[in-house]
DNA sequence: TTGAAAGCGCTAACAC
DNA sequence: GTGTTAGCGCTTTCAA
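Chains as they are written, first to last, in UniProt numbering: chain A, 1 to 336; chain B, 1 to 336.
What follows is the structure, encoded as structure tokens:
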């Protein structure tokens, strides 16, 4: 077994209190005493036990991150930024995947995990915000990209409606008129896809085009394969789109794949815009036009929100609703 | 503050012991008593404090995963599988990114993190195995894809030499003779790139071809941009390769990008093979031939190793050295 | 400046 | 089947 603070104290001929002071640099300690203690620590290979420290402090220094899939480039990139940002604050991140499963999201909150974390950053998928915050209570929660929590919890997201509108307007500005949308998820409760659909339709209407149901393709998930399938359906049902707005880059890349297989030229025959700005899109063929959310800011702000709540003595700070900037990055898939 | 086991006991009119039994389902409890306790738990919203439980048990139920970058598709996918596998064992995973920084790798082991984890799975980058296991002691460590730990720690990896040899042999079997390699990393200490280079050269020699230094391109990192640059250098220096073996799919995708920009046809002018079998490769243009390691098995075995050590009373179990299967997946980039 | 000791919330050995 | 209690390793109040 490894040695404890008591062992160090005994070895250095001082009390536990003094060792604790040395380790934390808290109170003033006589230089000679400090030296002796340091020496004992070294010799015994002592390392403080975090469980004990957490028990005392009532905090664990661990913040949870719950995302649908680590596997997805967008979430992986975001998770990476969050981990970096957390380290800057001396926090550790535990990552959980919900795999788009409502039960998994709930279990995450009610299960053991709920007690080991000081707070949770969650990108909801299957559950609506109300359920999540209710299940988490009293754990501080930050929602990523969720619709209308109505002051239930802090929230950080891009303006999905505006971003989708811009993306669609860009396609229309190229003279395209039959603009399809890939990525609706009517079976989900998180609302993100619905917001993007709203923006898409708004842009069409503003250009004097009536949105048509056959232009809107739902998908079961957001993988390349789903985008490829949706694109194939779009072509098979005779919608004859001359442009496609995919609600994620992965879907867009799948759509590009199908377009290529079917002998369509991009952007000449079909222009394509994605959402997320993942690295694959920058090196795909053709390179992908996309909506780029400021992921660094999402990470920074989410952790700031959490820090405010965990360290704040007051419980009644109103829920923040932060909108993070985005920009349209035009590349080859729309002739950029 | 949230309520403790004692509060529940008081409310249910039983002792702490009984509540503990109910929570853990350990000893037998009278049905009526159980009901009362459950009710009290419900009413108070009681949740066990994991810090206290850890302190008691001497274990935290947390296993660390240290990878160079979450951002990279290969590691993201692997991390996802490890998280799933960990959940199956009721373990929580904390993920740390080393960003290829030796100092970060060391700090991870000597810092606070070392005390909160029951064990660590690490994909080393900058530090050699000896340093890692030394710094981690007495924390159980599993190395992923590292060269020759010589019994220092458990290790799980594919047979890099054999896999690289197969990939190269595949290119040679297509009649290619000027087979280049992208992805050497002489500045790193983890050895993986060197093993793949060995396999690459061995295959060339077996085909009666003398490996040439100008065919081997080093890279600072394994991103698409590095692959793109390496490919450009290869073309600019007049090596005139008719095939390229990239040590990772990301590098390969970057190389494909450059080939396209330079007007080279793949596979007609240059055939390309990658390594990792990430999802992007399956939907790229052209689709990418690659070496596919069994990632599920890497995840499962790594956790099995850790479980054996954490739960094993004996300290002298010899270090395991597990080789995970791989297979060559032939796709369009080599005419498959 | 340092020591003694209480107690964070939980589990389990020991009683009954 | 249930109660009592010691103690995991640490921080911190109170004394000295």
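Backbone N, C-alpha and C fix where the C-beta goes; we use that ideal spot for every residue, glycine too.
Please tell me whether residue i has its Cβ less than 8 Å away from any Cβ of chain A.
i	result
residue 257 of chain B	yes
residue 168 of chain B	no
residue 97 of chain B	yes
residue 138 of chain B	yes
Chain B beta carbons: is any one of them nearer than 8 Å to that of residue i?
i	result
residue 79 of chain A	yes
residue 118 of chain A	no
residue 101 of chain A	no
residue 303 of chain A	no
residue 294 of chain A	no
residue 179 of chain A	no
If the cut is a Cβ gap below 8 Å, which residues of chain A does residue i touch?
i	result
residue 285 of chain B	256, 257, 260, 284, 285
List, in order along the chain, the chain B residues whose C-beta lies closer than 8 Å to that of residue i?
i	result
residue 173 of chain A	The premise fails here: residue 173 of chain A is roughly 26 Å from chain B at the closest Cβ pair, so nothing lies under 8 Å.
residue 2 of chain A	138
residue 83 of chain A	70, 95, 96, 97
So residue i contacts chain A; which residues on that side make the cut at Cβ distance below 9 Å?
i	result
residue 73 of chain B	71, 73, 76, 279, 280
So which residues of chain A does residue i contact, with C-beta pairs closer than 7 Å?
i	result
residue 224 of chain B	279, 283
residue 54 of chain B	51
Skipping 5 residues on each side, what residues in its chain have a beta carbon closer than 6 Å to that of residue i?
i	result
residue 203 of chain B	165, 168, 169
residue 323 of chain A	159
residue 5 of chain B	16, 19
residue 163 of chain B	291, 326
residue 207 of chain A	172
residue 153 of chain A	133, 141, 143, 319
residue 229 of chain B	none
residue 309 of chain B	140
Since I believe residue j is in contact with residue i (beta carbons under 8 Å), could you give me their beta-carbon distance rounded to a whole number of angstroms?
i	j	result
residue 320 of chain B	residue 85 of chain B	Not a contact, Cβ separation roughly 17 Å.
residue 334 of chain B	residue 291 of chain B	Not quite, the Cβ-Cβ distance comes to about 12 Å (not below 8 Å), so this is no contact.
residue 60 of chain A	residue 197 of chain B	Contact flag wrong, Cβ pair sits at about 44 Å.
residue 231 of chain A	residue 193 of chain A	17 Å between Cβ atoms; not a contact.
residue 141 of chain B	residue 199 of chain B	Not really, about 26 Å apart at Cβ, beyond 8 Å.
residue 156 of chain A	residue 302 of chain A	5 Å
residue 77 of chain A	residue 278 of chain A	7 Å
residue 246 of chain A	residue 227 of chain A	6 Å
residue 253 of chain A	residue 280 of chain A	6 Å
residue 295 of chain B	residue 81 of chain B	6 Å
residue 306 of chain B	residue 151 of chain B	With 8 Å as the limit, residue 306 of chain B and residue 151 of chain B do not qualify as a contact, their Cβ atoms being about 17 Å apart.
residue 3 of chain B	residue 44 of chain B	4 Å
Below 9 Å on C-beta distance, what does residue i contact in chain B?
i	result
residue 94 of chain A	62, 92, 93, 94, 95
residue 228 of chain A	283
residue 253 of chain A	280, 283, 284
Which residues in the same chain as residue i place their Cβ atom closer than 7 Å to its Cβ, once the five residues preceding and following it in sequence are excluded?
i	result
residue 270 of chain B	241, 242, 243, 244, 259, 264
residue 145 of chain B	123, 157, 192
residue 329 of chain B	277, 289, 290, 292
residue 99 of chain A	68, 69
Report all residues from its chain with a CB closer than 8 Å to the CB of residue i; omit the five preceding and five following residues, and keep chain order.
i	result
residue 36 of chain A	12, 13, 14
residue 249 of chain B	73, 74, 274, 275, 276, 277, 278, 280, 281, 288, 290
residue 34 of chain B	22
Is the stretch 270–285 of chain A touching the stretch 255–262 of chain B in the sense that three or more CB pairs, one from each, lie closer than 8 Å? yes
So, does the stretch 64–71 of chain A touch the stretch 49–65 of chain B, judging by three or more C-beta pairs under 8 Å? no
Meets three-Cβ-pair contact criterion under 8 Å: the stretch 174–194 of chain B and the stretch 216–232 of chain B: yes
Validate contact between the stretch 77–95 of chain A and the stretch 93–105 of chain B using beta carbons, cut 8 Å, 3 pairs: yes
With a threshold of 8 Å, are at least 3 pairs of Cβ atoms found where one atom belongs to the stretch 123–130 of chain B and the other to the stretch 98–106 of chain B? yes
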